[in-house]
Each structure stands twice: as C-alpha cells, then as structure tokens.
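Q:
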Amino acid sequence: MATHALAQSRSSPVTEGESTPCSLPTNPTSSQAVRSVTPEALIGLRDFGSLSLDGAPMQMSPNGDLIALQLRQADPVSNRFCSAVVLVPTDGRSQAHVIDDAGDIERASFDKYGLVGIPLGIPKPPLLRWHPAGRYLAYVKQRGGKAEVWTIRPDGTDRHMLIRSEVDIEALEWSATDETLIFRSRPGLVEARDEIAREGLNGFRYDDRFWPLGGNQPLPTNKVPSIVQAVDIVSATVRPASREEITRIAFPGGEHPAGTRAYARFDADRVAWAIADDPSKFRQPAPLHIRIGAKTFRCLAIACRNVTDIWWLKGGRQLIFATREGASDEKTGLYRWVPGSRLPHRILLTEDALFGCGLGGGKLICAREASLRPRHIVSIRIATGAIETIFDPNPEFAQYRLGRVQRIAWKNSFGIEAFGDLVFPVAYRPGTRFPLVIVQYDSRGFLRGGTADEYPIQLLASHGFAVLSFNKPKAYALHGPPVTYDEYLEMNQKDWIDRRSILSSLETIIDRLDETGVVDPRRVAITGQSDGATTATFALIHSSKFAAAALSTCCEDASMMIGNGEGYRRWYESFGYPLPGDRADAFWSQSSLALHSDKRPVPILIQASEEEYRMALNTFEVLRAKQWPVEMYIYPNEGHVKFQPAHRLAVYRRVLDWLRRTLIDPAVSGGFVPPATPPHPRKERDDL
135 MATHALAQSR
145 SSPVTEGEST
155 PCSLPTNPTS
165 SQAVRSVTPE
175 ALIGLRDFGS
185 LSLDGAPMQM
195 SPNGDLIALQ
205 LRQADPVSNR
215 FCSAVVLVPT
225 DGRSQAHVID
235 DAGDIERASF
245 DKYGLVGIPL
255 GIPKPPLLRW
265 HPAGRYLAYV
275 KQRGGKAEVW
285 TIRPDGTDRH
295 MLIRSEVDIE
305 ALEWSATDET
315 LIFRSRPGLV
325 EARDEIAREG
335 LNGFRYDDRF
345 WPLGGNQPLP
355 TNKVPSIVQA
365 VDIVSATVRP
375 ASREEITRIA
385 FPGGEHPAGT
395 RAYARFDADR
405 VAWAIADDPS
415 KFRQPAPLHI
425 RIGAKTFRCL
435 AIACRNVTDI
445 WWLKGGRQLI
455 FATREGASDE
465 KTGLYRWVPG
475 SRLPHRILLT
485 EDALFGCGLG
495 GGKLICAREA
505 SLRPRHIVSI
515 RIATGAIETI
525 FDPNPEFAQY
535 RLGRVQRIAW
545 KNSFGIEAFG
555 DLVFPVAYRP
565 GTRFPLVIVQ
575 YDSRGFLRGG
585 TADEYPIQLL
595 ASHGFAVLSF
605 NKPKAYALHG
615 PPVTYDEYLE
625 MNQKDWIDRR
635 SILSSLETII
645 DRLDETGVVD
655 PRRVAITGQS
665 DGATTATFAL
675 IHSSKFAAAA
685 LSTCCEDASM
695 MIGNGEGYRR
705 WYESFGYPLP
715 GDRADAFWSQ
725 SSLALHSDKR
735 PVPILIQASE
745 EEYRMALNTF
755 EVLRAKQWPV
765 EMYIYPNEGH
775 VKFQPAHRLA
785 VYRRVLDWLR
795 RTLIDPAVSG
805 GFVPPATPPH
815 PRKERDDL
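What follows is the structure in structure tokens.
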C-alpha cells in the first residue's frame with residue numbers, strides 16, 4: 135500500500151529547513167497602561183491554539199506537570215509567522231521554554247459539499263501528543279507543503295523527524311504499546327490530484343467537484359478514504375494500523391456512547407458523560423450522566439443540565455464538570471460533585487472564556503481569555519476557585535490603554551435573549567455621544583476583532599468610537615421543540631425568521647444605547663464577515679438605523695446559486711433557497727441589497743479575498759451604478775478568512791481610516807447625512 139510518507143532513520147536527527155522559533159516574552163518594563171494601542175500591537179500578539187474557543191489549544195502531560203503548545207506570532211513586515219513548540223510547567227513557579235520551532239504556519243482547509251480541501255484561511259490546528267508515560271512529545275510540523283511527524287524528549291534532547299508526508303496528517307495518537315505512533319491521513323489524495331491534472335489536458339467537465347470560490351479546477355472528493363497507519367519510533371518503519379489502533383485514534387479517550395458531548399473514565403467502574411436527551415436533535419443541552427459499577431443515573435440538579443466537559447479527581451470519588459450558562463450561554467461554570475449526592479458545589483462562574491482544561495498538580499489548568507486580556511494559561515484551585523496565571527504570552531499588552539467594557543444582556547421582540555459587550559471610547563466623557571461600530575458575531579473571550587478578526591475593537595475605541603461586540607443570539611429554531619439539523623435550517627430560513635430575530639436584537643440594543651446617551655444613533659456602522667456580513671446587508675435592507683457598513687464577504691443574491699458550485703447550490707436549496715432561473719424576486723428582495731439600490735445610498739466598504747470577491751460583483755456594480763459610495767479591495771491568495779499578516783494589518787488600517795472618514799470627519803465638519811429610510815415597513819412578528 136502506498137503511504138506517501140517517507141520514513142527517516144532514527145540514528146541521525148533531521149535538521150534541514152528549520153525556521154527560527156518564536157522568542158518568549160520578557161517581563162515588560164511597566165505594567166501600567168501608558169500607551170495607545172496600535173494595529174501592529176494587535177497583529178503581533180503571540181497566539182496558541184485555533185482562532186475559536188473550541189478544541190484543545192494545548193496538551194497536558196500524563197502526570198500533569200507540563201503543558202505543550204504551539205506558539206505563533208505574525209510579522210507583517212516579512213508577511214510570515216514565527217513558530218515554536220513551548221513547554222509550560224504547571225507549578226506556577228518555573229519558566230516556560232522553547233524546545234523546537236514548530237514549522238510553517240499554513241492555512242487550514244475543510245471538507246464540505248462532498249469535497250476535500252476547500253480553502254479556509256485560519257491557521258491549521260496544531261497536533262501535539264504526549265507519550266503515555268510522558269517520555270516523549272510527538273508533534274506535526276508543516277514544512278514546504280509537507281507534513282512532518284517529530285518526537286522530542288521534554289528536556290529538548292533526542293529530537294527526530296520520523297516521517298515526511300505528501301498529504302496532511304489529520305490525527306495523531308500514541309498506541310498502547312508506547313513505542314508506536316498512530317496517524318491518519320489521505321495518501322490517495324496524491325493520486326487524485328495527479329488524475330485531476332491529467333484530466334485537465336483534455337479539459338475539465340464542469341460538475342460537482344468544482345469549488346469556483348477557491349479555484350478553477352476540480353477538487354478531490356470525499357470518496358478518497360482516510361487511512362490509519364502506525365510508525366515505530368525506534369526504526370521509523372511505517373505499517374498499516376491494527377484494529378485496536380484504528381479504534382484508539384478514533385476514540386482517544388476511550389470508546390463512548392454516540393452523541394456524547396463530554397466523556398471521562400476513571401476506571402471500568404466509574405464513568406461520566408454528558409449527552410442530550412435525544413442526540414438526534416440539534417444543539418440541545420447535554421445533562422450529566424454517571425455509571426458507578428452497574429448503576430447508571432443522571433444528575434438532576436439545575437447545574438448539571440448543560441455540561442461541556444468532565445474530569446475525575448484523584449481517588450475517583452469526586453468529579454469536576456464545566457457548564458455554559460446565562461444569556462446565549464455567555465458564562466462558564468465549574469462545579470465539584472460527589473456522584474450520588476444532592477447538589478454540586480460551584481467552584482466559580484465567570485464571563486471569561488475557559489477552555490482546553492485538564493487536571494495538573496491538584497488544580498484545573500485552563501486556557502483563559504478575558505474581554506481585555508488575550509489568551510493565557512491559568513491554574514484554578516478546586517477548593518476555592520482562586521485563579522493564578524501560569525503563562526502569559528503577551529505581558530506587554532498590559533501597557534496599552536484600553537476602553538472599559540460593560541457586558542449587556544437583553545431580549546429582542548421575539549423574547550430571545552442576546553448579549554454583547556459595549557466597549558467605551560478610551561477618551562470617553564459622560565455627556566458626549568460617540569459613533570457606534572457593531573462588530574459581530576461572537577463576544578466571548580478576548581475582544582480582538584470579531585469573527586475572523588478584521589475589525590480591531592480596541593483600536594477603534596482608541597480613535598473615538600464606541601464599539602458593540604455583538605454575540606449572535608441563539609437561533610430562532612432552538613427556542614421551540616427540539617429539531618434535527620435539517621429541520622433547524624428549514625425553520626430558521628422560513629420567512630427569514632432567524633435574520634429578523636438577529637436584526638431585532640440589534641435594533642433593540644441600539645435603542646437602549648441611545649437612551650443611555652453614550653452613542654449617537656445617527657452614526658451607527660455595522661460590520662460583518664461570513665454570516666455576519668449577511669446579517670449586515672439584511673440590516674441595511676430592513677432597517678433605518680445603520681449609517682454605514684464594512685463587509686469582509688459580500689453578498690447574497692440570486693447569482694450565488696450559480697457561481698459557487700453545485701454542492702454549494704444543493705446545500706442552500708435543501709433548506710429553501712430558489713433554484714437557478716426560478717422567478718423568485720419576492721424571496722431575493724429580502725436579502726439582496728442589489729435589489730434595493732434605489733434607497734438613499736449608504737457608504738459601504740468591502741474588503742474581500744481573492745477567492746470570494748466574485749460573490750460581491752453583482753451587488754458592487756449595481757450599487758456603484760446608482761452612485762452609492764461603495765469601495766472594494768481584493769486581497770490576493772486569501773480564502774474565507776484572511777491569513778497573511780500583511781493583509782490583516784492592511785485590513786485593520788483601512789477599516790479604521792474608512793470609518794473615521796465616514797462617521798467622524800463629516801460630523802466634525804457638519805456634513806453628516808443620516809441613513810436612508812427603508813423602502814417598506816419590516817414585517818412585525820405577528821405578521822410572519
């Protein structure tokens with residue numbers, strides 16, 4: 135069987151092609167906020183883990199004394215990232231240290247619509263795995279488009295590359311035999327891509343293999359199977375994985391019931407898991423269940439109804455579990471419980487984001503983000519909930535003056551809860567009204583730049599804007615009886631009910647902020663990327679409250695069902711979008727800004743990627759023909775999320791400059807014009 139993974143001799147380390155690792159921070163000269171935040175300061179933050187708050191941004195060693203993570207830092211000047219494999223002691227006293235560079239930081243891709251390798255734009259998630267006894271750390275480096283599997287001892291010695299693969303390593307685990315690594319990849323992609331190249335010599339037949347947003351030739355399909363293989367770390371010999379090894383990489387924490395959201399096994403007689411009452415229903419709360427010996431029972435306390443993670447404490451008599459609580463699950467809770475006792479004990483409840491947690495040294499070790507503090511690692515005392523920082527990759531950030539943050543929760547006209555964070559201008563003075571910029575659509579954690587990180591919140595606050603970091607409310611379909619995923623999509627789309635719910639949340643909070651006297655309701659800009667951009671254009675059509683819009687992707691109209699590929703079209707058709715050629719003006723008039731070009735023009739900035747700007751052309755040209763003040767900029771070699779450091783810096787600078795020219799300068803000169811009146815009244819809730 136072809137592996138397309140080249141084994142390397144264990145006897146001689148491979149060092150060619152190494153990059154310079156990131157350096158760890160030194161203690162700043164001052165922790166006082168004395169400087170204004172800059173675009174470069176935000177772009178240059180040291181990051182670890184994915185952009186989202188999902189998944190594990192780090193890996194805990196088996197005995198809990200070390201954390202391994204992949205550090206990266208963007209450099210707009212070179213338009214590259216540095217990287218490092220970093221070990222962080224969990225004792226809170228010892229210093230973190232770099233043990234290797236982490237290779238190239240490359241763009242991730244995703245599989246959807248039956249296709250493999252659709253460009254995405256976020257960094258590929260790091261793969262690091264500890265040896266079961268903690269003797270080695272295994273990790274994957276990307277280098278020149280190839281994936282390399284390396285091992286190293288915790289003291290930085292005995293560093294070796296085991297394999298170099300022509301295709302991505304999708305998963306990595308140690309086997310139960312200790313001296314073998316298991317990895318999953320799709321070696322058949324090499325032949326599939328070669329076959330596509332040969333097909334091109336005679337011309338490609340246009341079919342469902344095309345993803346026009348990402349390229350001009352077909353992509354491999356999901357018929358290319360994933361293969362699990364094993365490599366001996368002594369000889370570097372690669373072989374097919376055994377059945378037990380295939381199971382191990384599929385269920386790293388052990389096999390567990392299908393549909394579980396969280397699972398923890400202390401031993402054969404003590405198991406805990408969280409699962410929805412009906413796992414076939416979409417995004418339902420997952421209550422906590424326990425099995426002690428042959429007895430299975432459910433925790434009936436209110437605190438146990440929406441569990442996201444579980445850990446057994448030493449001895450197996452108690453466990454800790456994490457929850458999501460509050461409006462739209464805005465808060466994270468931690469609880470300690472003795473199974474069988476009446477009520478769990480709350481350790482803490484916080485608006486901060488805590489994730490990627492594990493037990494170490496009798497404490498819970500977590501990644502944390504606060505609204506005014508970038509990602510860092512903390513220890514949490516189980517007895518008291520006291521939090522201590524054990525690794526801060528960005529101590530310099532404390533030197534910047536930041537706008538204060540106020541968490542706000544409210545209900546829209548549908549009775550659906552929403553929340554957001556109001557960031558006050560750094561120079562805020564009571565009695566002065568400021569222009570408002572709305573940044574979407576996730577407000578948990580560090581308030582950096584919204585989804586996809588393109589609208590720098592604190593940079594805007596330092597230049598005279600109030601900023602609302604808006605968290606998209608739970609979908610309309612989740613507020614009734616449980617539904618399947620397909621039913622969820624159909625229900626949200628019917629009569630654009632979920633878009634109307636989101637818009638109602640936005641209009642409600644704008645009115646509330648107007649009442650407080652903080653914002654100027656005539657100068658409200660909405661921004662958005664992906665789903666947030668659709669919310670923004672829907673708002674421009676159906677509301678008079680928005681004076682400007684800055685978009686990272688654009689725009690919904692009938693052309694999207696033609697130019698984005700057959701898989702994309704079929705997916706949208708499945709929950710109610712019209713077929714190409716259908717006379718569906720009534721449908722598209724609800725979401726296509728191009729069909730409302732006769733409204734009073736609203737300034738629009740579009741900063742699109744090379745792979746997606748064609749979606750904007752119809753709207754852009756129609757609005758421009760109607761004399762709308764619309765600007766569009768295209769960023770080469772970018773996908774759905776912008777990746778290159780130089781581009782991200784340019785996006786930050788341009789959106790700040792554009793918003794100042796649009797909302798601040800005209801107000802100073804007295805030339806500001808309020809936004810347009812909608813062409814017809816929005817449907818009220820009772821009319822839907």
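Numbering (the working numbering) for the sequence shown: 135 to 822.
All residues carry an ideal CB built from backbone N, CA and C; glycine is no exception.
Does the Cβ of D403 have 16 or more other Cβ atoms within 10 Å, making it buried, or fewer, making it exposed?
A: Within the sequence shown, numbered from 1, the residue matching residue 403 stands at position 269. By the 10 Å Cβ count, D403 comes out exposed.
Q: Per DSSP, D328 forms a beta bridge with which residues?
A: As a first step, residue 328 is located in the sequence shown; it is residue number 194 there, counting from the start. DSSP output for D328 lists no bridge partner at all.
Q: So the beta strand (DSSP E) H831 belongs to, where does it begin and stop?
A: Outside the displayed range of the chain (135 to 822) lies residue 831, so it cannot be described from this structure.
Q: In whole angstroms, what separates the C-alpha of R646 from that of S639?
A: Position 512 of the sequence shown, counting from 1, holds the residue named residue 646. Position 505 of the sequence shown, counting from 1, holds the residue named residue 639. Answer to the nearest angstrom: the Cα atoms are 11 Å apart.
Q: I675 bridges to which residues according to DSSP?
A: As a position in the sequence shown, residue 675 is number 541, starting the count at 1. I675 is not bridged to any residue.
Q: If you drop the 5 nearest sequence neighbours on each side, which residues of the same chain put their C-beta closer than 8 Å to that of K679?
A: What you label residue 679 is simply residue 545 of the sequence shown in a count that begins at 1. Answer for K679: L640, E641, I644, P655, V658, A673 and P809, listed in chain order.
Q: Taking Cβ to Cβ, would you say G554 is nearer than 9 Å to F489?
A: Residue numbering aside, residue 554 sits at position 420 when the sequence shown is read from its first letter. Residue numbering aside, residue 489 sits at position 355 when the sequence shown is read from its first letter. Their beta carbons are not under 9 Å apart, which means G554 does not touch F489 by this criterion.
Q: Please say whether K258 and E242 have beta carbons closer to each other than 9 Å?
A: Indexing the sequence shown from 1 puts residue 242 at position 108. Indexing the sequence shown from 1 puts residue 258 at position 124. Residue identity check: residue 242 is Ala in the sequence provided, not Glu. Closer than 9 Å, so yes.
Q: For A773, which residues of its own chain have a beta-carbon under 7 Å away from its beta-carbon, when the five flanking residues on both sides are left out?
A: To locate residue 773, count along the sequence shown from 1; it is residue 639. Going by the sequence as given, residue 773 is Gly instead of Ala. So the qualifying residues of the chain are R241, P253, L254, G255, G348, S743 and E745.
Q: Let me check understanding here. Comparing Cα to Cα, which of P779, L797, S723 and L783 lies closest to R214?
A: Residue mapping note: residue 214 aligns to position 80 of the sequence shown, counting from 1. Of the listed residues, the one whose Cα sits closest to R214 is P779.
Q: I'd like the ranges of any alpha helix (DSSP H) spanning at least 4 consecutive residues and lying wholly in the segment 326-402.
A: Correct list: 377-384.
Q: Do you know whose CA, among L353, E389 and K448, lies nearest E325's CA?
A: Translated into the one-based positions of the sequence shown, residue 325 becomes position 191. If we check each option's Cα against that of E325, L353 comes out closest.
Q: Just the Cα atoms here: how many angstroms apart are L727 and T796?
A: Locating residue 727 in the sequence shown gives position 593, counting from the first residue. Locating residue 796 in the sequence shown gives position 662, counting from the first residue. Straight-line Cα distance between these residues: approximately 20 Å.
Q: Looking at the structure shown, is A456 part of a helix, part of a strand, or coil, going by DSSP?
A: The residue labelled residue 456 in the question sits at position 322 within the sequence shown. Three-state DSSP puts A456 in a strand.
Q: Comparing C-alpha positions only, which one of H781, I521 and L493 sits nearest to R502?
A: One-based indexing of the sequence shown puts residue 502 at position 368. That would be I521, whose Cα lies nearest to the Cα of R502.
Q: Check G554 in the structure and name its three-state DSSP category.
A: Here residue 554 is taken as the residue at index 420 of the sequence shown, counted from 1. G554: strand per DSSP, three-state reduction.
Q: Use the C-beta contact count for S596: other C-beta atoms within 10 angstroms, 16 or more gives buried, fewer gives exposed.
A: The residue given as residue 596 occupies position 462 in the sequence shown. Buried, since its Cβ has 16 or more Cβ neighbours within 10 Å.
Q: Do you know how far the Cα of I696 is from the Cα of L713?
A: Start at 1 with the first residue of the sequence shown, and residue 713 comes out as number 579. Start at 1 with the first residue of the sequence shown, and residue 696 comes out as number 562. One C-alpha to the other measures close to 9 Å.
Q: Does DSSP put W762 in a helix, in a strand, or in coil?
A: As a position in the sequence shown, residue 762 is number 628, starting the count at 1. Here W762 sits in coil by DSSP.
Q: Ends of the beta strand (DSSP E) at G251?
A: Here residue 251 refers to the residue found at position 117 when the sequence shown is read from its first residue. Its beta strand (DSSP E) spans residues L249 to P257.
Q: Helix, strand or coil for L261? Go by DSSP, reduced to three states.
A: Taking the first residue of the sequence shown as position 1, residue 261 is located at position 127. If DSSP states are grouped into helix, strand and coil, L261 belongs with coil.
Q: Which of the three DSSP states is assigned to T753 in this structure?
A: Here residue 753 is taken as the residue at index 619 of the sequence shown, counted from 1. If DSSP states are grouped into helix, strand and coil, T753 belongs with the helices.
Q: Under 8 Å, with one C-beta from each stretch per pair, do the segment 557-572 and the segment 210-226 reach the 3-pair mark?
A: No, the segment 557-572 is not in contact with the segment 210-226.
Q: Between the C-alpha atoms of T154 and A718, what's the straight-line distance to the nearest angstrom?
A: By 1-based counting over the sequence shown, the position of residue 154 is 20. By 1-based counting over the sequence shown, the position of residue 718 is 584. Cα to Cα, T154 sits roughly 56 Å from A718.
Q: Let's test the definition: count the other Cβ atoms within 10 Å of the Cβ of D401 and tell me whether it reaches 16, buried, or not, exposed.
A: Translated into the one-based positions of the sequence shown, residue 401 becomes position 267. D401 is exposed by the Cβ-count criterion.
Q: Hey, how far is the Cα of I481 from the Cα of W264?
A: What you label residue 481 is simply residue 347 of the sequence shown in a count that begins at 1. What you label residue 264 is simply residue 130 of the sequence shown in a count that begins at 1. Roughly 29 Å separates the two Cα atoms.
Q: DSSP beta-bridge partners for W544?
A: For this step, residue 544 is matched to residue 410 along the sequence shown. Paired residues: A552.
Q: Considering only DSSP beta bridges, list what N605 is partnered with.
A: Against the sequence shown, residue 605 aligns to sequence position 471. DSSP lists F553 as partners of N605.
Q: May I have the straight-line CA-CA distance separating P102 from E378, to the nearest angstrom?
A: Outside the displayed span of the chain (135 to 822) sits residue 102, for which this structure offers no information.
Q: Given 8 Å as the limit, is there contact between the segment 621-630 and the segment 563-577, that is, 3 or more CB pairs closer than that?
A: No, they do not touch.
Q: Going by DSSP, name the residue or residues bridged to W407.
A: The count along the sequence shown starts at 1 and reaches residue 407 at position 273. Paired residues: Y397 and H423.
Q: Is it the case that the CB of I239 approaches a heavy atom of the ligand GTP more closely than 8 Å?
A: The model depicted lacks the ligand GTP and carries no ligand whatsoever.
Q: Tell me whether K448 is buried or exposed, calling it buried when 16 or more other Cβ atoms sit within 10 Å of its Cβ.
A: Translated into positions along the sequence shown, residue 448 becomes position 314. Answer is exposed; the Cβ neighbour count stays below 16.
Q: In its own chain, which residues sit with a C-beta less than 6 Å from the C-beta of P260, not counting the 5 before and 5 after it?
A: Sequence index remark: in the sequence shown, residue 260 carries index 126 (1-based). If we look at P260 and ignore the five residues flanking it on each side, its Cβ neighbours are Q204.
Q: Out of V652, I454, S186 and A517, which has the shortest C-alpha to C-alpha gap to Q540?
A: Taking the first residue of the sequence shown as 1, we reach residue 540 at position 406. The option with the nearest alpha carbon to Q540 is V652.
Q: Using alpha carbons as the reference points, say which of P196, I444 and P191 lies closest to T457.
A: In the sequence shown, residue 457 corresponds to position 323, counting from 1. Of the listed residues, the one whose Cα sits closest to T457 is I444.
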